[in-house]
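Please read the structure below before turning to the comments.
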Amino acid sequence: MIYKFKPTWMIPVVYNISPSKLKDMGIKAVFSDLDNTLIPWNNPDGTPQLREWISELKKNNIELIVISNNKHSRVQRALRSLKLNFISRSLKPLPRGINKALRDYHLHHKEVIMCGDQLLTDVWASNNANVRSVLVKPLIESDAWNTKPNRFLEKLIWKKLRNKYDDLDWQEDINDRN
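Each position in the sequence shown, counted from 1, maps to that position plus 13 in my numbering.
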């Protein structure tokens with residue numbers, strides 16, 4: 014069961030993912046968690062790096078779609094200035110939100126990747142939906158109250174993952190090894 018928590022890639026920040034490399038891989042959409050992946054959970058303003066990355070994705074005809082466990086009003090408010098499509102109340106780690114996005118945007122699981130900062134929600138949901146995952150480091154060290162129990166459990170899962178897999182290393186960008 015531990016394989017369900019194994020990310021395909023581990024990148025420090027989502028903005029490091031090269032849109033041209035994604036395009037070369039046949040990726041048509043990036044699914045992404047919201048809080049501590051695209052924006053800090055306690056600050057809804059996107060950074061200049063995020064805005065530049067979104068622009069580069071668009072230039073490469075890659076759509077960015079947020080898949081969040083947050084309620085609709087929270088995600089809508091956070092993304093207002095970024096003008097991104099989203100799926101709220103996705104119920105990660107269930108594949109519900111990812112599968113809905115695949116259906117709604119007429120995408121195949123091989124045409125997308127899912128980015129997120131949590132093993133217990135984002136990576137697990139990706140693996141449940143048969144979508145490649147990118148684990149990123151949280152943008153800030155603090156978490157919302159409802160994420161703190163997940164972080165504790167992640168420490169235990171990391172120990173098991175590291176014992177089983179020797180290829181869990183942080184890279185600057187995705188590569189084709191997986």
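Glycine residues also receive a C-beta, built at the ideal position from the N, C-alpha and C atoms.
Please report how far the alpha carbon of residue i lies from the alpha carbon of residue j, in whole angstroms.
i: residue 35; j: residue 169; result: 32 Å
i: residue 184; j: residue 24; result: 5 Å
i: residue 89; j: residue 179; result: 40 Å
i: residue 114; j: residue 100; result: 7 Å
i: residue 94; j: residue 31; result: 23 Å
i: residue 120; j: residue 167; result: 30 Å
i: residue 52; j: residue 177; result: 32 Å
Taking the CB atoms as reference points, tell me whether residue i and residue j lie closer together than 7 Å.
i: residue 134; j: residue 106; result: yes
i: residue 125; j: residue 44; result: yes
i: residue 128; j: residue 147; result: yes
i: residue 81; j: residue 47; result: yes
i: residue 70; j: residue 97; result: no
With residue i as the anchor, note down where its alpha helix (DSSP H) starts and where it stops.
i: residue 110; result: 109 to 117
i: residue 270; result: Outside the shown range of the chain (14 to 191) lies residue 270, about which nothing can therefore be said.
i: residue 87; result: 85 to 92
In the DSSP assignment, what residue or residues form a beta bridge with residue i?
i: residue 76; result: 42
Check whether the segment 91 to 109 touches the segment 139 to 150, taking contact to mean three or more Cβ pairs, one atom from each stretch, closer than 8 Å.
yes
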